[in-house]
Amino acid sequence: MESTLQKTYKQKALKERKSPRIERLKKRYFSDRLYVDSRRALLVTESYRETGGEPVVIRRARALEKILGEIDIKIMPDELIVGCQNGKSPRSANVFPEMATYWIEKELDEFETRPQDKFIVTEQTKKDLRSIFPYWKGRTLHDHMLAYMPDSTREQLLMDHPAVFGWCAYQNGVGHISQGHEKVIKKGFKKIREEAEERLKNLDLTGPGNIEKQAFQKAVIIVCCAAIKFGKRYSLEARRLSLEEEDMERKEELENIALICDRVPEFPARSFHEAVQFLWFVELIT
């Protein structure tokens, strides 16, 4: 076990080894203004409107496919590991209307002035979000959850009693999951897709529960294809930026990023850089 003194020396050494690139990235990250971004919310709403009547797992897969295929992408200066959940900045916040909208609608004009976690919400973003609120009435996870609850449980939650806490996990996008990193890094999404295609081909649809399994395997295929396309989009963007870049060192970095994103997450990672980029794509996707 490390002593306090050893930890102090290690922290000091790490601080002294911090590169100018890391300092610039850190400064840019913490100086970014925090915005609410409506793009994801618009895309997921559009997808759900298009897929009414399909199995839930397919609707979720199609929504993710639309997000990964159409969300704005951006590669920032100095970045070697690329990818952002929206096209504004790493610290901007997406909106998850499929989880809950009532609290967003209620607080939309207060995000900039509330005591903590202040976010800038432009008038266009407010307009975008208000345009989708009517669609989600009665359709969100929060709405369905309340409908299934016994009356006594629902009453306790709606009272906002300080001794009862349970809202966060079904009102926002959450990350309380384990993605199976080792599997995806070693196989790549192309192999996982091929395995799902094989299972789908061999599925006996007369078996109990196999209709649901069919929908699940179809969803796996959709998500794998979308994940591969997401990586290719960043590859194309890195290549585009490399053609415009005048600094030769950065140009070479962008060309390398293009090669890496052309490979992962479609194929297994072969290097540390590819593995880290692969993992970051998985984090963004999930």
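If you count the sequence shown from 1, position 99 lands on 99 in full-length UniProt numbering, and the numbers rise without skipping.
Each residue gets a CB set at the ideal place from its N, CA and C atoms; glycine is no exception.
With burial defined as no fewer than 16 other Cβ atoms inside 10 Å of the residue's Cβ, what is the status of residue i: buried or exposed?
i      : result
Glu246 : exposed
Lys109 : The sequence shown places Asp at residue 109, rather than the Lys named in the question. The residue in question, Asp109, is exposed, as its Cβ has fewer than 16 Cβ neighbours within 10 Å.
Asn86  : buried
Arg21  : exposed
Phe272 : exposed
Glu98  : buried
Leu42  : buried
Asp37  : buried
Lys88  : buried
Would you mind giving the Cβ-Cβ distance between residue i and residue j, rounded to the nearest angstrom? I have them listed as a contact below 8 Å.
i     : j     : result
Arg91 : Asp32 : 5 Å
Restricting to Cα atoms, I'd like to know which of the options is closest to residue i.
i      : options                        : result
Arg62  : Asn94, Asp143, Val223, Asp78   : Val223
Ile228 : Lys251, Pro268, Glu244         : Pro268
Asp78  : Ala238, Asp117, Leu279         : Ala238
Ile185 : Glu283, Tyr135, Glu252         : Glu283
His181 : Leu259, Leu42, Glu155, Gln277  : Gln277
Ile73  : Ser19, Lys201, Arg240, Arg233  : Arg233
Ala215 : Lys18, Arg59, Lys27, Thr45     : Arg59
Tyr135 : Ala100, Gln156, Lys218         : Ala100
Leu64  : Glu255, Glu253, Lys251, Phe230 : Phe230
Which of the three DSSP states is assigned to residue i in this structure?
i      : result
Val121 : coil
Val184 : helix
Ala275 : helix
Val223 : helix
Val174 : coil
Ala215 : helix
Ala269 : coil
Val95  : coil
Val44  : helix
Val36  : strand
Under 8 Å between the Cβ atoms of residue i and residue j?
i      : j      : result
Tyr35  : Phe119 : yes
Ile177 : Glu197 : no
Asn94  : Gly175 : no
Ile67  : Val44  : yes
Leu279 : Ile75  : no
Gly188 : Pro265 : yes
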